[in-house]
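First residue of the sequence shown? That's 2 in our numbering, and the numbers climb one at a time after it.
Idealized CB from N, CA, C, for every residue including glycine.
What you are looking at is a predicted structure, and each value in this text was computed from that prediction instead of being measured.
First the structure, in the form of structure tokens, and then the observations on it.
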Amino acid sequence: MLEAGRKSEAGITLAKPLAGGRPSTCGDRPRDGMPSLGSAGGCPAPWWLRISTVNCLDQHVEKSPNRVALIWERDEPGTAVHVTYRELQDLTCRLANTLKKYGIQKGDRVAIYMSVSPLSVAAMLACARIGAVHTVVFAGFSAESLAGRIMDSGCKAVITYNQGVRGGRTIELKATVDEAVKNCPSIKHVFVAQRTDNKVHMGDRDIPLEEEMTKADSICIPESMDSEDVLFMLYTSGSTGKPKGIVHTQAGYLLYAALTHKYVFDYQQGDVFGCVADIGWITGHSYVVYGPLCNGATSVLFESTPVYPDPGRYWEVVQRLKINQFYGAPTAIRLLLNYGEEWVKKYDRSSLKVLGSVGEPINKEAWQWFYEVVGEGRCTLVDTWWQTETGGICIAPRPSEEKAEIVPAMAMRPFFGIVPVLMDENGEVIEGNDVSGALCIAQPWPGMARTIHGDHQRFIDAYFKAYPGYYFTGDGAYRSHKGYYQITGRMDDVINISGHRLGTAEIEDAMADHPEVPETAVVGYPHKIKGEGAFAFIVLREETAHADHIKEELKTIVASKIAKYAVPDHILVVKRLPKTRSGKIMRRLLRKVVTEQSSNMGDVTTLDDPSVVKEILDAYQKYKEKNSS
Ligand code: 7RM
Numbered sequence: 002m003l004e005a006g007r008k009s010e011a012g013i014t015l016a017k018p019l020a021g022g023r024p025s026t027c028g029d030r031p032r033d034g035m036p037s038l039g040s041a042g043g044c045p046a047p048w049w050l051r052i053s054t055v056n057c058l059d060q061h062v063e064k065s066p067n068r069v070a071l072i073w074e075r076d077e078p079g080t081a082v083h084v085t086y087r088e089l090q091d092l093t094c095r096l097a098n099t100l101k102k103y104g105i106q107k108g109d110r111v112a113i114y115m116s117v118s119p120l121s122v123a124a125m126l127a128c129a130r131i132g133a134v135h136t137v138v139f140a141g142f143s144a145e146s147l148a149g150r151i152m153d154s155g156c157k158a159v160i161t162y163n164q165g166v167r168g169g170r171t172i173e174l175k176a177t178v179d180e181a182v183k184n185c186p187s188i189k190h191v192f193v194a195q196r197t198d199n200k201v202h203m204g205d206r207d208i209p210l211e212e213e214m215t216k217a218d219s220i221c222i223p224e225s226m227d228s229e230d231v232l233f234m235l236y237t238s239g240s241t242g243k244p245k246g247i248v249h250t251q252a253g254y255l256l257y258a259a260l261t262h263k264y265v266f267d268y269q270q271g272d273v274f275g276c277v278a279d280i281g282w283i284t285g286h287s288y289v290v291y292g293p294l295c296n297g298a299t300s301v302l303f304e305s306t307p308v309y310p311d312p313g314r315y316w317e318v319v320q321r322l323k324i325n326q327f328y329g330a331p332t333a334i335r336l337l338l339n340y341g342e343e344w345v346k347k348y349d350r351s352s353l354k355v356l357g358s359v360g361e362p363i364n365k366e367a368w369q370w371f372y373e374v375v376g377e378g379r380c381t382l383v384d385t386w387w388q389t390e391t392g393g394i395c396i397a398p399r400p401s402e403e404k405a406e407i408v409p410a411m412a413m414r415p416f417f418g419i420v421p422v423l424m425d426e427n428g429e430v431i432e433g434n435d436v437s438g439a440l441c442i443a444q445p446w447p448g449m450a451r452t453i454h455g456d457h458q459r460f461i462d463a464y465f466k467a468y469p470g471y472y473f474t475g476d477g478a479y480r481s482h483k484g485y486y487q488i489t490g491r492m493d494d495v496i497n498i499s500g501h502r503l504g505t506a507e508i509e510d511a512m513a514d515h516p517e518v519p520e521t522a523v524v525g526y527p528h529k530i531k532g533e534g535a536f537a538f539i540v541l542r543e544e545t546a547h548a549d550h551i552k553e554e555l556k557t558i559v560a561s562k563i564a565k566y567a568v569p570d571h572i573l574v575v576k577r578l579p580k581t582r583s584g585k586i587m588r589r590l591l592r593k594v595v596t597e598q599s600s601n602m603g604d605v606t607t608l609d610d611p612s613v614v615k616e617i618l619d620a621y622q623k624y625k626e627k628n629s630s
């Protein structure tokens, strides 16, 4: 337990705890009015109804307060910080009380714009503890993206760091928040924690977070929540329009995250679980924070990158922290594979039992390398398919499976309670094996999203319209002759860059801001490391010698309106886009062009002018020749 007045390893000086660290799980909060913290009052609801933070913190604090909850592997190698369950509960309660002091109440929305750290986890859990809804925004998103999410969700406050640190570089988080909240009237307060020693500008609504936390009470009685109350929302991209705020609720989400964490990764008590995802994505929510903490695991928070300070970083961390389960993205594996085996073999990986892959299809080469080189052919490798909307893993092999049974690069089998079906073009269920179709799920499951914030109709339209009575995932899949599933990729205009999901329409909308570029169309193309990259076709208002300059401007616009990872790798100027007679852009044709399948263009009879196909193919050929020389 932390001592009063001592600087905790998480970088916070704590005030004297009240009432001798009395356990906060007992139901001693009178329903109305402020609880008198020293006395035991009525018992409004059993403790287990105070769903998320009690399950993630208090139940473990009671049994084993000194068990390590989080190991914060900071950007600077070898500077890991251990945080026990008791300490995390303390941080969470102080943060929760600070939020309360500044008027945040049950049902209010709070944006978290932070890099991965114990304080970020505490911020999520603090919201949960007081019944506020957190919406974590990946700290790589631009000010405009952050503002869009804050406005859509109507956040009252933002929690951020002065700066972030990643790959040896500092990231100006607070400055980005300042820029974002300029036009967000709903924001009353910005809580600023210190990740670095640098001072940043503090305005009227800015509150130094740690300073407040040291003054705050270390006990915060958890709010009683209904199982269907909202726990958090998280924005994700769709094929059209702005990112949507996917809503997850208290009990079902937590249950599903915890159960899948236990069974898919064969988690055993005492294991050190290493999911290297950022908390800004659903993978971080479910398998860095909620799943592992609910199960009382020790969860690793990885702040750095796979190649900092060198391409051995992951495996050096595995050795030093004795990680038992390692969960990461194929894009990182593909990147590391290029640096060679020495970087892996240098380190002792005997602690590893299970390896996991998530976020995008894993190609056979990456799967084999992950399995043979990293896992020494000894560890189970689970390719896990799921989505922001599903809350947790839906299709994955289970380690209990005969290892020989696991087929490389296959997500394999549905998790308990998941009923996958494949649909044909006519909306009929495809029976039998060795077939492909649109992947749907036939029955609800505890972790499924409940709605899109502020737009339930959009929720219905996006997921339940295409195949009435079924949840449509947006992905295509193949069912093998043995009945195993393999995900073949998105069937809509969503692309997946380095495991980050993005709507091509978002990139197009951003580029539409350029006055010289009246029309654009973006499609995904296969990229060796990133999985997919964005390829943009643009039409210029008039012929110009400055096309290269305009392309650079477009890249800047996309980075500032969305995020750096969204910037197209290729921008090709064409005279016009392929359109149907009703004026719809046929992105399908452009996809054929960039995947070099132009010999099989499919049906082009609905094109307004079929000669556009040759025009674009010629432009593409020229572009390729120019760029390969
Ligand atoms: C967890 C996550 C979801 C989309 C999904 C797929 C793709 C995810 C796999 C995968 C093939 C996998 N949530 N996807 N996992 N494709 N194999 N194992 O990534 O909401 O950000 O993205 O990602 O297209 O629909 S997400």
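Is the beta carbon of residue j closer than 8 Å to that of residue i?
i	j	result
leucine 440	threonine 474	yes
valine 84	isoleucine 113	no
histidine 61	glycine 271	no
cysteine 380	valine 355	yes
aspartate 435	serine 499	no
valine 518	valine 575	no
serine 358	leucine 322	no
valine 430	isoleucine 508	no
alanine 217	asparagine 98	yes
threonine 241	glycine 292	no
leucine 92	alanine 70	no
leucine 235	threonine 389	yes
On the DSSP letters alone, give me the boundaries of the alpha helix (DSSP H) that residue i sits inside.
i	result
aspartate 153	144-154
tyrosine 328	Tyrosine 328 -> not in any alpha helix (DSSP H); beta strand (DSSP E) instead, spanning 326-329.
asparagine 628	613-629
tryptophan 73	Run containing tryptophan 73: none in the alpha helix (DSSP H); it sits in the beta strand (DSSP E), 69-74.
proline 457	The sequence shown places histidine at residue 457, rather than the proline named in the question. It spans 457-465 - the alpha helix (DSSP H) in which histidine 457 sits, taken as one unbroken run.
glutamate 509	505-512
threonine 557	548-562
alanine 112	Here alanine 112 belongs to no alpha helix (DSSP H); instead the beta strand (DSSP E) covers 110-114.
Helix, strand or coil for residue i? Go by DSSP, reduced to three states.
i	result
proline 209	strand
threonine 241	coil
leucine 100	helix
methionine 226	coil
glycine 253	helix
leucine 353	coil
isoleucine 1	The displayed coordinates of the chain run from 2 to 630. Any statement about residue 1 would go beyond what the structure contains.
glutamine 487	strand
tryptophan 386	strand
proline 45	Bear in mind that a pLDDT of 48 at proline 45, under 50, signals an unreliable position, so the model cannot answer this.
aspartate 272	coil
cysteine 185	coil
asparagine 56	helix
phenylalanine 371	helix
glycine 532	strand
leucine 120	helix
histidine 454	coil
arginine 167	strand
threonine 93	helix
Applying the criterion that 16 or more other CB atoms from any shown protein chain within 10 Å of the CB defines a buried residue, is residue i buried or exposed?
i	result
asparagine 325	buried
serine 634	In this structure the chain extends from 2 to 630, so residue 634 is not present and cannot be described.
aspartate 619	exposed
isoleucine 461	exposed
histidine 202	exposed
aspartate 227	exposed
threonine 250	buried
If you follow the beta strand (DSSP E) that residue i is in, where does it begin and where does it stop?
i	result
phenylalanine 303	299-303
cysteine 441	436-442
glycine 475	472-480
arginine 170	170-172
glycine 292	Premise fails: glycine 292 lies in the alpha helix (DSSP H), 292-295, not in any beta strand (DSSP E).
leucine 573	571-574
Practice task
Would you check if there are 3 or more beta carbon pairs closer than 8 Å linking the region 409-420 to the region 384-401?
Solution key: Short answer: they touch.
Problem - the region 163-181 in contact with the region 454-469 per 3-pair CB rule at 8 Å - result: Contact check between the region 163-181 and the region 454-469: fewer than three CB pairs, one atom from each, fall below 8 Å, which does not count as touching.
Exercise for the section: Flag this pair as touching only if the region 522-540 and the region 328-343 have three or more C-beta atom pairs under 8 Å; answer yes or no. Expected result: Taking 8 Å as the limit for Cβ pairs, the verdict is that the region 328-343 does touch the region 522-540.
Practice task
Pair every Cβ in the region 127-143 with every Cβ in the region 266-284, then say whether three or more of these pairs are closer than 8 Å.
Solution key: The region 127-143, when compared against the region 266-284, does touch it at the 8 Å Cβ threshold.
Exercise for the section: Evaluate contact between the region 560-573 and the region 488-507, counting only Cβ atoms and requiring at least three cross-stretch pairs below 8 Å. Expected result: A contact between stretches requires three or more CB pairs, one per stretch, nearer than 8 Å, and the region 560-573 meets this requirement with the region 488-507.
Handout entry: Contact between the region 118-125 and the region 536-553 (3+ Cβ pairs under 8 Å)
Key = The region 118-125 vs the region 536-553: no contact.
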